[in-house]
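I have placed the structure first, in the form of structure tokens, so that the comments after it can refer back to it.
There are 4 protein chains.
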Amino acid sequence: MSVTINSSPTHWVLTLSCPDRPGIVHAVAGMLAELGGNITESKQFGDAETNLFFMRVQVLAEVSRERLTTAIEPLAREFQLNWNLDLVGRPMRTILMVSKAAHALNDLLFHQRASDLPIEVVAVVGNHTDLQELARFYGVPFRHIPVTAATKPQAEAELLALVEELDAELVVLARYMQVLSDNLCRALSGKVINIHHSFLPSFKGAKPYHQAHHRGVKLIGATSHYVTADLDEGPIIEQDIERVNHEMSAEQFVALGQDVERRVLSRAVRWHAEHRVLMNGDRTVVFR
Amino acid sequence: MSVTINSSPTHWVLTLSCPDRPGIVHAVAGMLAELGGNITESKQFGDAETNLFFMRVQVLAEVSRERLTTAIEPLAREFQLNWNLDLVGRPMRTILMVSKAAHALNDLLFHQRASDLPIEVVAVVGNHTDLQELARFYGVPFRHIPVTAATKPQAEAELLALVEELDAELVVLARYMQVLSDNLCRALSGKVINIHHSFLPSFKGAKPYHQAHHRGVKLIGATSHYVTADLDEGPIIEQDIERVNHEMSAEQFVALGQDVERRVLSRAVRWHAEHRVLMNGDRTVVFR
Amino acid sequence: MSVTINSSPTHWVLTLSCPDRPGIVHAVAGMLAELGGNITESKQFGDAETNLFFMRVQVLAEVSRERLTTAIEPLAREFQLNWNLDLVGRPMRTILMVSKAAHALNDLLFHQRASDLPIEVVAVVGNHTDLQELARFYGVPFRHIPVTAATKPQAEAELLALVEELDAELVVLARYMQVLSDNLCRALSGKVINIHHSFLPSFKGAKPYHQAHHRGVKLIGATSHYVTADLDEGPIIEQDIERVNHEMSAEQFVALGQDVERRVLSRAVRWHAEHRVLMNGDRTVVFR
Amino acid sequence: MSVTINSSPTHWVLTLSCPDRPGIVHAVAGMLAELGGNITESKQFGDAETNLFFMRVQVLAEVSRERLTTAIEPLAREFQLNWNLDLVGRPMRTILMVSKAAHALNDLLFHQRASDLPIEVVAVVGNHTDLQELARFYGVPFRHIPVTAATKPQAEAELLALVEELDAELVVLARYMQVLSDNLCRALSGKVINIHHSFLPSFKGAKPYHQAHHRGVKLIGATSHYVTADLDEGPIIEQDIERVNHEMSAEQFVALGQDVERRVLSRAVRWHAEHRVLMNGDRTVVFR
Chain A
195 MSVTINSSPT HWVLTLSCPD RPGIVHAVAG MLAELGGNIT ESKQFGDAET
245 NLFFMRVQVL AEVSRERLTT AIEPLAREFQ LNWNLDLVGR PMRTILMVSK
295 AAHALNDLLF HQRASDLPIE VVAVVGNHTD LQELARFYGV PFRHIPVTAA
345 TKPQAEAELL ALVEELDAEL VVLARYMQVL SDNLCRALSG KVINIHHSFL
395 PSFKGAKPYH QAHHRGVKLI GATSHYVTAD LDEGPIIEQD IERVNHEMSA
445 EQFVALGQDV ERRVLSRAVR WHAEHRVLMN GDRTVVFR
Chain B
195 MSVTINSSPT HWVLTLSCPD RPGIVHAVAG MLAELGGNIT ESKQFGDAET
245 NLFFMRVQVL AEVSRERLTT AIEPLAREFQ LNWNLDLVGR PMRTILMVSK
295 AAHALNDLLF HQRASDLPIE VVAVVGNHTD LQELARFYGV PFRHIPVTAA
345 TKPQAEAELL ALVEELDAEL VVLARYMQVL SDNLCRALSG KVINIHHSFL
395 PSFKGAKPYH QAHHRGVKLI GATSHYVTAD LDEGPIIEQD IERVNHEMSA
445 EQFVALGQDV ERRVLSRAVR WHAEHRVLMN GDRTVVFR
Chain C
195 MSVTINSSPT HWVLTLSCPD RPGIVHAVAG MLAELGGNIT ESKQFGDAET
245 NLFFMRVQVL AEVSRERLTT AIEPLAREFQ LNWNLDLVGR PMRTILMVSK
295 AAHALNDLLF HQRASDLPIE VVAVVGNHTD LQELARFYGV PFRHIPVTAA
345 TKPQAEAELL ALVEELDAEL VVLARYMQVL SDNLCRALSG KVINIHHSFL
395 PSFKGAKPYH QAHHRGVKLI GATSHYVTAD LDEGPIIEQD IERVNHEMSA
445 EQFVALGQDV ERRVLSRAVR WHAEHRVLMN GDRTVVFR
Chain D
195 MSVTINSSPT HWVLTLSCPD RPGIVHAVAG MLAELGGNIT ESKQFGDAET
245 NLFFMRVQVL AEVSRERLTT AIEPLAREFQ LNWNLDLVGR PMRTILMVSK
295 AAHALNDLLF HQRASDLPIE VVAVVGNHTD LQELARFYGV PFRHIPVTAA
345 TKPQAEAELL ALVEELDAEL VVLARYMQVL SDNLCRALSG KVINIHHSFL
395 PSFKGAKPYH QAHHRGVKLI GATSHYVTAD LDEGPIIEQD IERVNHEMSA
445 EQFVALGQDV ERRVLSRAVR WHAEHRVLMN GDRTVVFR
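Going down the list, the sequences are from chains A, B, C and D. Count along the first sequence starting at 1, add 194, and that's the number in my numbering. Count along the second sequence starting at 1, add 194, and that's the number in my numbering. Count along the third sequence starting at 1, add 194, and that's the number in my numbering. Count along the fourth sequence starting at 1, add 194, and that's the number in my numbering.
This is how it looks when you write it as structure tokens:
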């Protein structure tokens, strides 16, 4: 397509959702073919219940963002696309929110350094200072924003300012033990991922492992979800479980659960950062 | 011990629970050693929370039930034992309750015939007749006990009479779509195992797969539990899960869930029939 | 497209593989769009290693097989497609081969009757007669084809004749304890699915559970694969595992393994019958 | 038992194996009861195949190591016990051997600091210096012992001297990419745990993920085992798996596998350090 011999194509990822109707795949594939693009990965899903269509396509093309955008726009109008365009693998600017528990933070920072998780942690925000040293080891700025009932509005304003200042695209609650206000949930809608330490919708609220132990379950779990104003009810991205038995105390549930939490949160963050998660009302489409 | 050349020892399984205190294992092991018993499997558990002690021991001994019982009784008094004695592998007399769904029934009958599940199905009871043919193929008597709001007390009386008449030790609700009355639950306390088609305590009540689909979960599950008057709240014996994704409809959840239900119920019935499940308040100890 | 008011569209499934190059998705989607088709499910995969492209698309269209075929053929020439067209959900004509173990056969026949597995079992072939009664219960003709070293060529000829006579599209070795000759493997290439009772490539050959027990593994597994002349080396379709422990004997491995075998074989047969499995050299692409 | 008001009992863990015969449990439980011990956890296993008996018992008792040892010795002679006595929860002095991959090291050091893994890492030994900084962050001395074909004997002598100097009880090969010599294997027999990045006995030797990818498996795994002179053939402690699919490259297998390796190694180290793993010939008994 290009006459420049040494140029190499750009790897784009396009995600879209829209009302379902015939011709979308053809139109999108045609638009990409006209630009000389070569599709490397493509997944679609039509939800017969909501009548919505979802698509994620990776394409190699020697084309600028402007030219691609210009080509997408007529389709966007015709099919009422809700769409997003990004570079494959571009690290997403991310703020990690923590309290005192280190396991989720340690895992995300480790994978960032190993370059196998496409995020760039621009700040770690803690309402305590316990994890400052860990953040420093990984070379990430730590910001202490304490929260009390009285200072919560001010603390959230500070967080929101930081999100803007750092141009953060994603906020991960990595076992952050504070409930976000409705306002903050709305302001950051679709941009905040939480890890809940239970197999939702079981054991909402506080101390889920103790609730689980009391109930005598044989499996414990963890759930990663987008945060909404409706506590523990946001769209679920990923869940997993671990087997427990009668010999284990609630404290052992907590310790064992850390590994599930870590794994589940890590996957959810990866899929989000790779634009694999699309919102389908209160549920998610995950193009794994 | 015995001079009879051809005799071979009997394989006993003794289960017990009692308030925890030093000396129980020593006393039980001593009693068994005095009878010339050789322990083939033994598991214990002391619950630091409830301060109860649980034990399951298999022992080969050339000894009659009477002699063994006589040896156990002083210990039972001393340690306030709640105890049970049975032959290892003796098939437990079992009634299977069904409605229209065949998968759980088919699995239990198949394993009974393959002799790898220590139950003897003495009757299949259905509130519909759909599964009569399947029971007949496996040579098990089928009893049709229809249930309506009006006839429920009478139907339950008929079931209770059948349990007594057939000397049934276990009643398995193999996707039986009727709720047992409080009276029946009490009358058969500790003897009725149900399979609930969700990962309890999530999605109690009706249509759990549809509830799960609506909530957008990423794993579905099944729970086997003892039936108590408190619906879906009885002590959990076993749980397991299956991964689902956004492409699956609620109906596909139902179909996929059948395999988990089958596995979970089958394990629970096996462990109960092998005397591996002991009650610890509202929870269970499972000596797998 | 059609003027007949009451007509409803046909649900087609098209699978294809070909050398990878730009424009395939666009061309296929365009062809389907021109026929007024509405894509209900579509998956693609380009293997960067083999440079092959794979696609499976389900489409609702009021169009005959002839017209669809006519539309596909020019694309087939242009892109060197290896393609297949079928109706979504059409039961695939299947022969089940068995010896004495009933678990795999029972599972497949049960699911066929429950109509949640798109196969039509046209015959059960056994080298023993043990499973004749089970086949009869499910209303499937049983053919006894005994095999000895001397009669093997003749027995295989009889099987091949049966495949042709019954127009069977798929042969499933449901714990059939005979090795197929190279000739038969070639004659039925891509049409025979086996369940091997180990986690291949571990424990090839005879008595894999005993090998596994001897080695002291902590997980046992099962592998479903296409049968090739290279014993236990055919393309893998699905695998799964079950946890074991030091208390279990080799015989208990065997019993426990039956459930994994059943599940793994059942999934492989389902995916094959739904045209979700495409051959990629010695490996498979599985569009789950 | 004791009149000293403030004294509290010591928590001992006793493990033993011996030829199986009646009376062992009784004798051990009796000995512990006489010392006023209260058993908090006890597991036994008699292997019908090897006719060996295994036991692990935790006991709270106000008794010194000397007194306990004196009480055990007559039993040890009578029953030919192979036995070990330790304090419950005492951190085991451990050397971690590494090369360049950080994931296993990071996980073990993190859990050591979190105090939920009973090891005390007395040194990290690397044949490269890549992981020096990580060891330093966790406050653990790093020793660089480079290995070439020529210097291997000398390097192993240095390691052995370090084991003695530091009084190390356990050596963990945390993705250490060197094969230990037969001599070293023998010198440290039963004290070296390795993580192999495949589901043994599949894919022994080099580049197992690439072998697995080439074979087209649907699950990858990891195996933790004691190191013996017979490469990749030592007694297996733990295994686990992760699902893969046709879209993943061998490199993605490697990345995904790190999480399984980490989990499997972490469990094996924990169980070893808690004296839950007993040797049964070429296999292990794991009292989880």
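Quick reminder that beta carbons are idealized off the backbone N, C-alpha and C, glycines included. Quick caveat: nothing in here was measured; it's all calculated off a predicted structure.
In terms of DSSP beta bridges, what is residue 435/B paired with? Translated into the one-based positions of the second sequence, residue 435/B becomes position 241. According to DSSP, which records beta bridges pairwise, residue 435/B is partnered with 415/B.
State the start and end residues of the unbroken beta strand (DSSP E) segment that holds residue 287/B. Counting from one through the second sequence, the residue named residue 287/B turns up at place 93. From DSSP, the beta strand (DSSP E) with residue 287/B extends over 286-292.
field: residue 378/A: first and last residue of the uninterrupted alpha helix (DSSP H) it sits in
entry: For the purposes of this step, residue 378/A is taken as residue 184 along the first sequence, with counting starting at 1. Looking at the DSSP string, the run of the alpha helix (DSSP H) that includes residue 378/A is 376-381.
* In chain order, what residues of the same chain have a beta carbon less than 6 Å from the beta carbon of residue 448/A, not counting five sequence neighbours either side? -> Residue numbering aside, residue 448/A sits at position 254 when the first sequence is read from its first letter. Closer than 6 Å at the Cβ level, and outside the excluded window around residue 448/A, lie 403.
DSSP three-state label for residue 420/D, please. Along the fourth sequence, one-based indexing puts residue 420/D at 226. DSSP places residue 420/D in strand when its eight states are reduced to three.
Between which two residues does the alpha helix (DSSP H) carrying residue 302/B extend? Taking the second sequence and counting its residues from 1, one reaches residue 302/B at position 108. That run of the alpha helix (DSSP H) goes 297-307.
| task | Within 10 angstroms of the Cβ of residue 347/A, are there 16 or more other Cβ atoms? Answer buried if so, exposed if not. | result | Locating residue 347/A in the first sequence gives position 153, counting from the first residue. The residue in question, residue 347/A, is exposed, as its Cβ has fewer than 16 Cβ neighbours within 10 Å.
8 Å contact criterion, which residue 469/D and residue 477/C should meet: CB distance rounded:
For the purposes of this step, residue 469/D is identified with residue 275 of the fourth sequence, where counting begins at 1. For the purposes of this step, residue 477/C is identified with residue 283 of the third sequence, where counting begins at 1. Residue 469/D to residue 477/C, Cβ: 44 Å. No contact.
**Message:** Looking only at its chain, what residues have a beta carbon closer than 6 Å to the beta carbon of residue 240/D, apart from the 5 residues adjacent to it on each side?
**Reply:** What you label residue 240/D is simply residue 46 of the fourth sequence in a count that begins at 1. Taken in chain order, the residues that qualify are 214, 247.
Going residue by residue through the segment 196-242 of chain A, where are the continuous alpha helix (DSSP H) segments of at least 4 residues, counting only ones entirely within it? 218-228
Whole angstroms are fine: how far does the CA of residue 297/C sit from the CA of residue 456/C? For this step, residue 456/C is matched to residue 262 along the third sequence. For this step, residue 297/C is matched to residue 103 along the third sequence. Rounded to whole angstroms, residue 456/C to residue 297/C spans 7 Å at the Cα level.
Q) Quick one: is residue 401/C near chain D, going by C-beta distance under 7 Å? A) Taking the first residue of the third sequence as 1, we reach residue 401/C at position 207. No, residue 401/C lies away from the interface with chain D (no Cβ there is under 7 Å from its Cβ).
* Asked: Between which two residues does the alpha helix (DSSP H) carrying residue 447/D extend?
  -> For this step, residue 447/D is matched to residue 253 along the fourth sequence. Run containing residue 447/D: 444-467, per the alpha helix (DSSP H) assignment.
Hey, residue 430/C and residue 411/D are a contact pair by Cβ (cut 8 Å); roughly how many whole angstroms apart?
By one-based count along the third sequence, residue 430/C stands at place 236. By one-based count along the fourth sequence, residue 411/D stands at place 217. About 6 Å; that satisfies the 8 Å criterion.
Proximity of residue 210/A and residue 253/A at Cβ, strictly below 7 Å:
The residue given as residue 210/A occupies position 16 in the first sequence. The residue given as residue 253/A occupies position 59 in the first sequence. No, the Cβ-Cβ distance between residue 210/A and residue 253/A is not below 7 Å.
message = If the cut-off is 8 Å on Cβ atoms, which residues from the segment 422-440 of chain C count as contacting chain A, listed in chain order?
response = none
For a contact meaning CB atoms closer than 8 Å, what does residue 413/A contact in chain B? Numbered from its first residue, the first sequence carries residue 413/A at position 219. Simply 393, 415, 433, 434, 435.
Checklist line | C-alpha gap between residue 334/D and residue 408/A, whole angstroms | finding: One-based indexing of the fourth sequence puts residue 334/D at position 140. One-based indexing of the first sequence puts residue 408/A at position 214. Distance between the alpha carbons of residue 334/D and residue 408/A is about 39 Å.
Helix, strand or coil at residue 491/D according to DSSP, with G and I counted as helix: Residue 491/D cannot be examined here, being either before or after the span of chain D that is shown, 195 to 482.
Item to check | Alpha-carbon spacing of residue 268/C relative to residue 265/A, whole angstroms | outcome: Position 74 of the third sequence, counted from the first residue, corresponds to residue 268/C. Position 71 of the first sequence, counted from the first residue, corresponds to residue 265/A. If you take the alpha carbons of residue 268/C and residue 265/A, they lie about 28 Å apart.
For a test of the three-state rule: what should DSSP assign to residue 314/C, helix, strand or coil?
As a position in the third sequence, residue 314/C is number 120, starting the count at 1. DSSP places residue 314/C in strand when its eight states are reduced to three.
- prompt: How do the segment 366-383 of chain C and the segment 292-307 of chain C stand: do at least 3 beta-carbon pairs fall below 8 Å, yes or no?
  reply: yes
At which residue ranges does the segment 331-358 of chain D contain complete beta strand (DSSP E) runs of 3 or more residues, listed in the order of the chain? 336-338
Less than 7 Å between the C-beta atoms of residue 458/A and residue 436/A, yes or no?
Taking the first residue of the first sequence as position 1, residue 458/A is located at position 264. Taking the first residue of the first sequence as position 1, residue 436/A is located at position 242. Their beta carbons are not under 7 Å apart, which means residue 458/A does not touch residue 436/A by this criterion.
The segment 207-219 of chain C: positions lying closer than 7 Å to chain A by Cβ:
216, 217, 219
Leaving out the 5 sequence neighbours to the left and right, which residues in its chain are closer than 7 Å to residue 406/D when beta-carbon positions are compared?
The residue given as residue 406/D occupies position 212 in the fourth sequence. Cβ neighbours of residue 406/D beyond the five flanking positions: 392, 397, 414, 447.
Which one of 331/B, 386/B, 325/B has the shortest CA to CA distance from residue 338/B?
As a working mapping, residue 338/B is identified with position 144 in the second sequence. It is 325/B whose Cα lies nearest to the Cα of residue 338/B.
Residue 360/A and residue 317/A: beta carbons closer than 7 Å?
Working through the first sequence from its first residue, we reach residue 360/A at position 166. Working through the first sequence from its first residue, we reach residue 317/A at position 123. Taking 7 Å as the Cβ cut-off, residue 360/A and residue 317/A qualify as a contacting pair.
Rounded separation between residue 375/C and residue 345/C - CA only | As a working note, residue 375/C is residue 181 in the third sequence. As a working note, residue 345/C is residue 151 in the third sequence. Their backbone Cα atoms lie some 12 Å apart in a straight line.
To the nearest angstrom, how far is it from the Cα of residue 401/A to the Cα of residue 428/D? Working through the first sequence from its first residue, we reach residue 401/A at position 207. Working through the fourth sequence from its first residue, we reach residue 428/D at position 234. Their Cα atoms are separated by approximately 42 Å.
Item to complete: With DSSP as the reference, please indicate the residues paired to residue 248/D in a beta bridge.
Response: Position 54 of the fourth sequence, counted from the first residue, corresponds to residue 248/D. 211/D, 239/D, per the DSSP bridge assignment.
Quick check: what's the CA-CA separation for residue 388/D versus residue 418/D? One-based indexing of the fourth sequence puts residue 388/D at position 194. One-based indexing of the fourth sequence puts residue 418/D at position 224. Each residue's Cα considered, the two are about 6 Å apart.
_The beta strand (DSSP E) that contains residue 477/B, what's its start and end?_
Walking along the second sequence from the start, residue 477/B turns up at place 283. 477-480 is the extent of the beta strand (DSSP E) around residue 477/B.
*Closer than 6 Å: is that where the CB of residue 416/A sits relative to any heavy atom of the ligand FMN?*
This structure lacks the ligand FMN, and indeed carries no ligand of any kind.
| message | 7 Å is my cut-off, CB to CB: does residue 474/B come that close to chain D? | response | For the purposes of this step, residue 474/B is identified with residue 280 of the second sequence, where counting begins at 1. No, residue 474/B lies away from the interface with chain D (no Cβ there is under 7 Å from its Cβ).
Between residue 273/A and residue 221/A, how many whole angstroms is the CB-CB distance? I'm expecting something under 8 Å. By 1-based counting over the first sequence, the position of residue 273/A is 79. By 1-based counting over the first sequence, the position of residue 221/A is 27. The pair is a contact, with the Cβ atoms about 7 Å apart (cut-off 8 Å).
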